[in-house]
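Colleague: Be aware that the sequence shown starts at 1, since it is given in the working numbering, and climbs by one per residue.
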Amino acid sequence: MKTGLKLLWIVCLCVTGVYAQNDLPLQVDNSTIKPLQSLFSSRLQSNLEKQLMANPQWKRLIEQKKMAVGIVDLNDPNNAKFARVNGNYMMYAASLPKIAILLTAMDAIDKGELRETAEVKKDMRLMISKSDNQASTRMIDRVGYEKIEAVMTDPKYEFYDKQLGGGLWVGKRYGGGGDTNREPLKNLSHAATVTQVCRYYYLLANGQLVNEKRSKQMLNIMENPELHHKFVNTLDQIAPTARLFRKSGSWRTYHSDSILVWGNEPNRRYILVALIDDASGEQIIRDLVKPVERALRNTLL
């Protein structure tokens, strides 16, 4: 009898552990959250490159450093896998770096530097879900460039690191006007690298941006994007029930997208980031989802 009860207790613990991972932020021990770069998977890297390089246009863009892609496999949250192409190559990223403003605002709110008013909460949602430039500019003006830079370069995050090619940066209001604070490496006003954006989503999924409470707030703001193009356009078709947390950007030939996909089944749980400098970038980003999912599936085989 005692043996049977013990087995039942073990099974319950295991089931509870599995289902706990169905919610976000992930409920994992902090000691298991490793630096993303240490989770590099040569097998996933090989499968990703195979899928990308099979397309002649993508191969050319990658070789010209006009296309960068990063993925994080979250199928097993305790054994995440990371792969990237042109991972540390910083590019103009248009509205994607608005996620840097969101983190800065949450950091300021948590420290009592910014009041969490109804207007602030509304602007944060508009800034992310609709990529509203006026709401984004109001948020920039509330926190200031110095605060954004301080959070992006904070040793806790290091989302902008000159030794690693730069990263996330917002140094110009959206819509023009006002002073600027461009990043020092390439003089870009709105910048990103796929590695740093992947890190952002990885830490967010694990409740590590500011703290678990603020991470959950950020996830709520980023979920259910109201713009259904790029990655979301394809995922609406192939994974209509998956939870999507997303921020994208476009300006002239620069197209970017970033997403945390959380499917009902663990085999469709991943982070995907793309930065592209090409007139057909929006369509390329739509077309990326299926080959990336093939790369992820082939890694599991």
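Where is the CB? At the ideal position from N, CA and C, for every residue including glycine.
Cβ of residue 273 within 9 Å of Cβ of residue 170?
Modeller: Here residue 273 is taken as the residue at index 273 of the sequence shown, counted from 1. Here residue 170 is taken as the residue at index 170 of the sequence shown, counted from 1. The answer is no: Cβ separation not under 9 Å.
Colleague: Smallest Cα separation from residue 277: which of 214, 86, 46?
Modeller: By one-based count along the sequence shown, residue 277 stands at place 277. Checked all of 214, 86, 46; the closest Cα to residue 277 is 86.
Colleague: Taking only heavy atoms of the ligand ZN into account, decide whether any of them is closer than 8 Å to the Cβ of residue 199.
Modeller: The ligand ZN is not among the ligands present in this structure, which contains no ligands whatsoever.
Colleague: Give me the residue from 258, 30, 96, 271 with the minimum Cα distance to residue 127.
Modeller: As a first step, residue 127 is located in the sequence shown; it is residue number 127 there, counting from the start. Ranking the options by Cα distance to residue 127, first place goes to 96.
Colleague: In the DSSP assignment, find the unbroken alpha helix (DSSP H) run with residue 89 in it and report its ends.
Modeller: Your numbering for residue 89 matches position 89 in the sequence shown. No alpha helix (DSSP H) holds residue 89; DSSP gives it neither H nor E.
Colleague: What is the DSSP secondary structure of residue 252, reduced to helix, strand or coil?
Modeller: Here residue 252 corresponds to residue number 252 of the sequence shown, with the count starting at 1. DSSP places residue 252 in coil when its eight states are reduced to three.
Colleague: Please list the terminal residues of the continuous beta strand (DSSP E) segment that includes residue 272.
Modeller: The residue given as residue 272 occupies position 272 in the sequence shown. Unbroken beta strand (DSSP E) run through residue 272: 269 to 277.
Colleague: If I follow the unbroken beta strand (DSSP E) through residue 68, where does it start and stop?
Modeller: Along the sequence shown, read from residue 1 onward, the residue named residue 68 stands at position 68. Taken as a continuous stretch (DSSP letters only), the beta strand (DSSP E) holding residue 68 covers 67 to 73.
Colleague: Looking at C-alpha atoms only, which residue of 264, 249, 28, 245 is the closest neighbour of residue 271?
Modeller: By 1-based counting over the sequence shown, the position of residue 271 is 271. Closest option to residue 271, Cα to Cα, is 245.
Colleague: Tell me, please, which residues DSSP counts as bridged to residue 167.
Modeller: Walking along the sequence shown from the start, residue 167 turns up at place 167. Answer is 160, bridged to residue 167.
Colleague: In chain order, what residues of the same chain lie with their CB nearer than 6 Å to the CB of residue 297, ignoring the 5 residues before and after it?
Modeller: Position 297 of the sequence shown holds residue 297. Contacts found: none.
Colleague: Of all the options 203, 284, 161, which has the alpha carbon lying nearest to the alpha carbon of residue 29?
Modeller: For the purposes of this step, residue 29 is taken as residue 29 along the sequence shown, with counting starting at 1. Checked all of 203, 284, 161; the closest Cα to residue 29 is 203.
Colleague: Which word fits residue 31, buried or exposed, when buried means at least 16 other C-beta atoms lie within 10 angstroms of its C-beta?
Modeller: Start at 1 with the first residue of the sequence shown, and residue 31 comes out as number 31. Answer is exposed; the Cβ neighbour count stays below 16.
Colleague: Do residue 264 and residue 241 have their C-beta atoms closer together than 9 Å?
Modeller: The residue given as residue 264 occupies position 264 in the sequence shown. The residue given as residue 241 occupies position 241 in the sequence shown. Yes, these two residues count as a Cβ contact at 9 Å.
Colleague: For the putative contact between residue 302 and residue 83, defined by C-beta atoms under 8 Å, what is the C-beta separation to the nearest angstrom?
Modeller: Residue 302 falls outside the range modelled here, since the chain spans only 1 to 301, and no answer is possible.
Colleague: Once the 5 residues before and after residue 225 are set aside, which same chain residues still bring their CB inside 7 Å of it?
Modeller: For the purposes of this step, residue 225 is taken as residue 225 along the sequence shown, with counting starting at 1. Around residue 225: 129, 232, 244, 246.
Colleague: For residue 33, collect the residues of the same chain with a Cβ closer than 6 Å to its Cβ; drop the 5 residues on either side in sequence, then sort them by chain order.
Modeller: If you number the sequence shown from 1, residue 33 lands on position 33. Listed in chain order, the non-local C-beta contacts of residue 33 below 6 Å within the same chain comprise 206, local neighbours out to five positions each way being set aside.
Colleague: Would you kindly report the start and end of the unbroken alpha helix (DSSP H) that includes residue 205?
Modeller: Sequence index remark: in the sequence shown, residue 205 carries index 205 (1-based). Residue 205 -> alpha helix (DSSP H) spans 194 to 205.
Colleague: Pull up the distance between the alpha-carbon of residue 46 and that of residue 295, whole angstroms please.
Modeller: Counting from 1 along the sequence shown, the entry for residue 46 is found at position 46. Counting from 1 along the sequence shown, the entry for residue 295 is found at position 295. For residue 46 and residue 295, the distance between alpha carbons rounds to 9 Å.
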